[in-house]
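A.B. asks:
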Amino acid sequence: MNAVRPHSLTLTGRFVQLQPLGSAVLPDLARAIAHPEVFAAGYGGGPATLHRDVDSFIKWAHDYFQWESLPYVVRLLGGPNDGDVVGTTTLADIDEVNESIHLGWTAYDPRVWGTAVNAETKLLVLGTAFENGFGRVKIQADAINERSRAAILGIGATFEGILRRDRPRADGTWRDSAVYSILANEWPAVRAGLEARLDAFEGRFVTYRSLRPAGPSGTISGGGPRGGFGPSAGSAPEAVSGAAGPVPESGSDAEQSAGADTSQ
């Protein structure tokens, strides 16, 4: 199957819905991801690029996101926070001839780290890539971001190596990039692992454990990298194992790192 550019469509799962990213949603996205813990390990160029004022964030976002590619906004499905914007991710560097695509520019509200949000987002976006004939999906992160790198390995990606002095950070230092990939023949096992993780959350919806009220001038304050699940019955699930390897318990380092996924 030859690769074709995916259509810009809404992707719907059990816990999240991905919609094409547009300018109108940027104020909501700012409230979700414009937090120090998201930018601390390299997202968007690192802490020097963090704009907690909504207007400044919007100006930054217009330059940063890959608008010509396939950027998505991530919304919650179900529960008291149904429809809330909790993150973003992008399919970019679309090379149809070589059947290669890059999954990155991903960040989540720290209140949903350690929940089903990252696993289902990856399931939906990776599925879109492979269903459209791509043979390789690249994911990469700043080499110093051990937590994000653990999350990438946790979904079943294979480490390929380090690109040394790959790009400048916003503070003037140079970033080494850790590169990972998932190939089409590996996708069935990766998909099974992600689905097993999501099955453990069946019957629950994503909830926030700590709320961040907006402060003066649109700044966001309070809260920490804590996420949870609201049960329609029961408590948070036990760790499970899937085809992609052991799945960590909700709230573990490998899972929480998903919120600071700096693959770009």
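Position one of the sequence shown corresponds to residue 927 (the numbering used here), numbered consecutively onward.
From the three backbone atoms N, C-alpha and C, an ideal C-beta is built for every residue, glycine too.
Out of curiosity, what's the CA-to-CA distance linking residue 964 and residue 982?
C.D. replies: If you draw a straight line from the Cα of residue 964 to the Cα of residue 982, it comes to about 17 Å.
A.B. asks: Throw me the rounded Cβ distance for the residue 1014 and residue 1033 pair, which I believe falls under 8 Å.
C.D. replies: 6 Å
A.B. asks: Quick one: measure Cβ to Cβ for residue 952 and residue 962, integer angstroms, because I've assumed they're closer than 8 Å.
C.D. replies: So it is not a contact: roughly 19 Å between Cβ atoms.
A.B. asks: At which residue ranges does the region 1015-1073 contain complete beta strand (DSSP E) runs of 3 or more residues, listed in the order of the chain?
C.D. replies: 1026-1034 and 1062-1068
A.B. asks: Hey, does residue 1068 have any beta-carbon neighbour from chain D nearer than 7 Å?
C.D. replies: Of the chains in the structure shown, none is chain D; there is only one protein chain.
A.B. asks: Which residue from 1031, 959 and 1045 puts its Cα closest to that of residue 1037?
C.D. replies: 959
A.B. asks: Roughly how many angstroms lie between the CA atoms of residue 955 and residue 1001, to the nearest whole one?
C.D. replies: So the alpha carbons of these two residues sit roughly 10 Å apart.
A.B. asks: How should residue 1119 be labelled, buried or exposed, when 16 other C-beta atoms within 10 angstroms of its C-beta is the threshold for buried?
C.D. replies: buried
A.B. asks: In this structure, does DSSP put residue 1087 in helix, strand or coil?
C.D. replies: Strand, per DSSP.
A.B. asks: Does the contact criterion of 3 or more C-beta pairs under 8 Å hold for the region 1041-1050 versus the region 931-945?
C.D. replies: yes
A.B. asks: Can you pull the DSSP bridge partners for residue 997?
C.D. replies: 1016
A.B. asks: Please go through the same chain and pick out, in chain order, the residues whose beta-carbon is closer than 8 Å to the beta-carbon of residue 984, but skip the five residues on each side of it.
C.D. replies: 949, 952, 953 and 956
A.B. asks: Please name the residue, chosen from 1099, 1082, 1026 and 987, that lies closest to residue 967 on a Cα-to-Cα basis.
C.D. replies: 1099
A.B. asks: With a threshold of 6 Å on Cβ separation, who are the neighbours of residue 939 within its own chain once the five nearest residues in sequence on each side are excluded?
C.D. replies: Apart from sequence neighbours up to five positions away, the residues of its chain that approach residue 939 with a beta-carbon distance below 6 Å are 1046 and 1050, ordered along the chain.
A.B. asks: Could you tell me which of 928, 998 and 1093 sits nearest to residue 972, measuring between CA atoms?
C.D. replies: 1093
A.B. asks: Using DSSP bridges, identify the partner residues of residue 1113.
C.D. replies: DSSP, once it has assigned bridges, lists no residue as partnering residue 1113.
A.B. asks: May I have a chain-ordered list of the alpha helix (DSSP H) segments no shorter than 4 residues that lie completely inside the region 931-973?
C.D. replies: 952-959 and 962-965
A.B. asks: Here's the rule I'm using: 16 or more other beta-carbon atoms within 10 Å means buried, otherwise exposed. How should residue 999 be labelled?
C.D. replies: Buried, since its Cβ has 16 or more Cβ neighbours within 10 Å.
A.B. asks: Using the three-state DSSP reduction, which class does residue 1106 fall into: helix, strand or coil?
C.D. replies: strand
A.B. asks: So what does DSSP say about residue 1099, is it helix, strand or coil?
C.D. replies: coil
A.B. asks: Give the range of the alpha helix (DSSP H) segment to which residue 1127 is assigned.
C.D. replies: Looking at the DSSP string, residue 1127 is not in any alpha helix (DSSP H), and its letter there is neither H nor E.
A.B. asks: Note down the Cα distance separating residue 1024 from residue 1003, rounded to an integer number of angstroms.
C.D. replies: 35 Å
A.B. asks: Across which residues does DSSP place residue 1075 in a beta bridge pair?
C.D. replies: Per DSSP, none; premise fails for residue 1075.
A.B. asks: Pick helix, strand or coil for residue 1149, following the three-state DSSP scheme.
C.D. replies: The predicted position of residue 1149 is uncertain, since its pLDDT is 34 and thus under 50; a value taken from the coordinates is nonetheless stated next. Residue 1149 falls in the coil class under three-state DSSP.
A.B. asks: Go ahead and pull the three-state DSSP assignment for residue 1006.
C.D. replies: coil
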